[in-house]
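Structure first, then comments.
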Amino acid sequence: MQAAFAAAMAGEGDGAIAGTLAGREEEGPRARTRLDIYRNNIASALVRTLEGLYPALVRLMGRDFFARVARDYARSHPPAHGRLLEYGFHLPEFVAGYEAASRYPWFADVGRLEVAWHRAYISAEAKALRAHDLAGVPPARMADLGLVLHPSCQRLASRYPVSRIWRIALEDEVPEGAIEVEGDAEWLLVVRPGAEVEVRTLEESGFAFLGALAAGRSLGAAYESACAVDPDFDLQAHLAGLLAGETFAGFRLDP
Amino acid sequence: MNDRVAASAPAGASEPNRPPPNRAGVGLKSEHYRTILETRPDIGWFEVHPENYMLEGGPPLRYLEAIRADYPLSLHGVGMSLGSCEAPPRDHLDRLKALVERFEPFLVSEHLSWSRIGDRFLADLLPVPLTREALGVMADNVARAQDHLGRRMLIENPSTYLRFEHEEIPEPEFLAELARRTGCGLLLDLNNLFVCASNHGFDPLAWLDAFALGAVGEIHLAGHAVDDADGHVIRVDDHGSPVGEEVWALYREVIARRGAIPTLIERDANLPPFDALLEEARHADRVAREASEPRAEVAAGYA
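Chains A and B, in that order, give the protein sequences.
Using the numbering used here, the letters of the first sequence map in sequence onto residues -15 to 239.
Using the numbering used here, the letters of the second sequence map in sequence onto residues 18 to 320.
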């Protein structure tokens, strides 16, 4: 029975479940109409969930178009469990391949930023590492130091000014003049050291530096990654800025 | 008189673990977190869907902790799928148990419904055919969940929009038997009862006559939508409007029969400002007081 009901919900035909329903059709709504109520309830619950996760995309696409995209996504990507706060993280990839949105290639990255924001929002709590926590590290060993990113840290690189578009979408703020979407790439760090999620813009070299640390590489190796992007990379200033911004949760120093 | 004083006293601020007064609460929505913390409204308790707090960390858990410090809390699940042929997933039960241990809710509830088949979750409360076989499956799943949590749960009567041909047990008897077999309590949703009575053409009072009112640990009140289906009226449980007059009438009836019970105002769609929900909860408290008054006077007469 449940397999037949699920098939009907997935739009694979009502025949099998309709035959098990009570009531003569002339005395009440048709089986299909009754099943439609459940189909609508399921679709609306998932669309509402996705609207909650992607408020900027809702604004950029318009509510009706977003709902259309969300319904199509829900049909091809049904949830695997009932924790809907973890549902819909792959919508940006779906949007990237969505024919009717192909004129707006930055939609997918705005969606990725919203996923990063949401992941940071619901991530584990951790006490941030402070500069003075590193006071005991011998200067000669600094290059071997490993830094553990705060569990809320998310990184996102985009060829579009994605955080500007995102802010404008959410803040009802009309930009002065048009936004030039080409040739204005962004490297972003999303982090929630306390109660508030912060979206920070990094330089490309700083992004590479953080990426190397996130991959578990040492401070020395991360510095080299950054210098490959920008030979004038200022290690002291970047490290101090990241520490002050509560980006790390701990450190490793292998003997 | 003493009852009235007790009912209007501030919420058990210093004793959130004390059994809650038999008064009304509301569903806690994220849109209302700040208002509640800033205004500390005089309300009996709050209820949340535990699935919305099965998180590693973050503001939702911080807010819930702050609100729980001042108010009793109920966990009302929508994701356990107790009516599924399969047992509730271990990881879901573990996550729920962690929330129960952390927030010490005074009630934990779920539904007579299913939502899961294999690794697919159907995001609605789907109808269970009321057969002896389904009762057996449901009873096993409720027993498993209660064993895992180490506490009693309440099971709620759902809104349904269809029925199955070969059903063998009327819904109130099904729930009574479920409670008898598993020791679970019942959550009586009067909006769902009204919606089902209208959709399936039965008398809600007769349904109540057959229902195990003694096992009820909580009442839900909500609004629903009235839609057209092939020229017939169909009522859809959407929690999108204030509680309707017919549902208030059923509430009066149940309180007159059973006395006051913790009662929840549920609202999930077209969310109004918190004050509107607070006013509905106060209305529920007034209705409950008036409906249980004759009984109180009789009792006083013999004192």
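Glycine residues also receive a C-beta, built at the ideal position from the N, C-alpha and C atoms.
Residues near residue i in its chain [Cβ-Cβ closer than 7 Å; skip 5 each side]
i	result
B:Arg274	Leu230
B:Tyr80	Tyr50
B:Ala30	With a pLDDT of 43 at B:Ala30, under the threshold of 50, the predicted position of this residue should be treated as unreliable, though the coordinate-derived value follows. For B:Ala30, where only same-chain residues beyond five positions count, the Cβ hits under 7 Å are Asp87.
B:Cys201	Val159, Gln163, Arg169, Met170, Leu171, Ile172 and Leu195
A:Gly200	Gly130
B:Ser98	Pro105, Trp131, Ser132 and Arg133
A:Val241	Any question about residue 241 of chain A goes unanswered here, given that chain A covers just -15 to 239.
A:Gly(-3)	Ala(-9)
A:Ala80	Ala92
B:Arg198	Ala156
Start-to-end residues for the alpha helix (DSSP H) that takes in residue i
i	result
B:Trp131	Looking at the DSSP string, B:Trp131 is not in any alpha helix (DSSP H); the run it does join, the beta strand (DSSP E), is Trp131 to Ile134.
A:Glu182	Where A:Glu182 is concerned, there is no enclosing alpha helix (DSSP H), although the beta strand (DSSP E) it sits in stretches over Glu182 to Leu186.
A:Ser147	Val146 to Glu155
A:Leu219	Leu219 to Ala228
A:Asp93	Phe91 to Tyr105
A:Val79	Leu75 to Ala80
B:Ala232	Here B:Ala232 belongs to no alpha helix (DSSP H), and DSSP marks it neither H nor E.
B:Pro76	Pro76 to Arg85
A:Ala(-10)	Gln(-14) to Met(-7)
B:Ala156	Arg149 to Leu166
Close-in-space but distant-in-sequence residues of the same chain around residue i (CB under 8 Å, 5 per side omitted)
i	result
B:Ala104	Asp157, Asn158 and Arg161
A:Cys211	Ser189 and Phe217
Close beta carbons around residue i, own chain, < 6 Å, minus the five adjacent residues each side
i	result
B:Thr177	Pro144 and Cys213
B:Gly94	Pro67 and Glu127
B:His237	Asp206, Leu281 and Glu283
A:Arg96	Pro76 and Leu140
A:Leu34	Ala54 and Gly72
A:Ala224	none
B:Ala193	Ala229
B:Trp62	Pro37, Gly42, Tyr88 and Pro89
A:Glu164	none
A:Arg43	Ala153
Strand pairing of residue i, partner residues [DSSP]
i	result
A:Gln240	No statement about residue 240 of chain A is possible, as the shown extent of chain A runs from -15 to 239 and does not include it.
B:Ala41	B:Thr280
B:Val243	B:Arg252
B:Ile172	B:Glu127 and B:Leu203
B:Glu55	Bridge partners of B:Glu55: none, in fact.
B:Phe14	Look at the range of chain B in this structure, 18 to 320, and you will see that residue 14 of chain B is not part of it.
B:Leu238	B:Ile282
B:Phe339	The structure shown does not extend to residue 339 of chain B, since chain B is modelled only from 18 through 320, so no value can be given for it.
Where the beta strand (DSSP E) containing residue i begins and where it ends
i	result
A:Thr33	Unbroken run through A:Thr33 is the alpha helix (DSSP H), Ala15 to Leu37; no beta strand (DSSP E).
A:Phe232	Phe232 to Arg236
B:Ala104	No beta strand (DSSP E) holds B:Ala104; DSSP gives it neither H nor E.
B:Ala140	Arg137 to Leu143
A:Gly130	Gly130 to Leu133
Minimum C-alpha distance to residue i - residue among the options
i	options	result
B:Arg119	B:Gly94, B:Gly96, B:Leu90 and B:Pro146	B:Leu90
A:Leu131	A:Phe232, A:Leu97, A:Met(-7) and A:Pro13	A:Phe232
A:Pro215	A:Ser60, A:Glu230 and A:Glu188	A:Glu188
A:Pro123	A:Val42, A:Leu203 and A:Gly3	A:Leu203
B:Asp108	B:Leu267, B:Asp254, B:His165 and B:Asn174	B:His165
A:Pro177	A:Glu170, A:Gln(-14), A:Glu164 and A:Ala108	A:Ala108
A:Arg236	A:Leu118, A:Arg148 and A:Ser136	A:Leu118
B:Gly3	B:Ser130, B:Pro77 and B:Met155	Here chain B has residues from 18 to 320 only, and residue 3 of chain B is not among them.
B:Val125	B:Leu99, B:Leu92 and B:Leu110	B:Leu92
B:Ser258	B:Lys46, B:Ile278, B:Leu294 and B:Phe123	B:Leu294
B:Leu54	B:Asn174, B:Leu222, B:Trp265 and B:Arg85	B:Arg85
B:Glu150	B:Gly135, B:Cys102 and B:Asp136	B:Cys102
B:Leu222	B:Val117, B:Ile272 and B:Glu73	B:Ile272
Which of helix, strand or coil DSSP assigns to residue i
i	result
B:Val260	coil
B:Ala24	The pLDDT assigned to B:Ala24 is 36, lower than 50, so where the model puts this residue is not dependable; a value taken from the coordinates is nonetheless given after this. B:Ala24: helix per DSSP, three-state reduction.
B:His300	helix
B:Asp206	strand
A:Gly200	coil
B:Ser31	At B:Ser31, the pLDDT of 44 sits below 50, so the modelled position is not reliable and the matter cannot be decided from this model.
B:Leu192	helix
A:Ala85	helix
A:Met45	helix
A:Tyr71	coil
B:Glu307	helix
B:Arg269	helix
B:Arg197	helix
A:Val121	coil
Interface flag, residue i vs chain E, CB-CB below 7 Å
i	result
B:Met71	No chain E is part of this structure, whose protein chains are labelled A and B.
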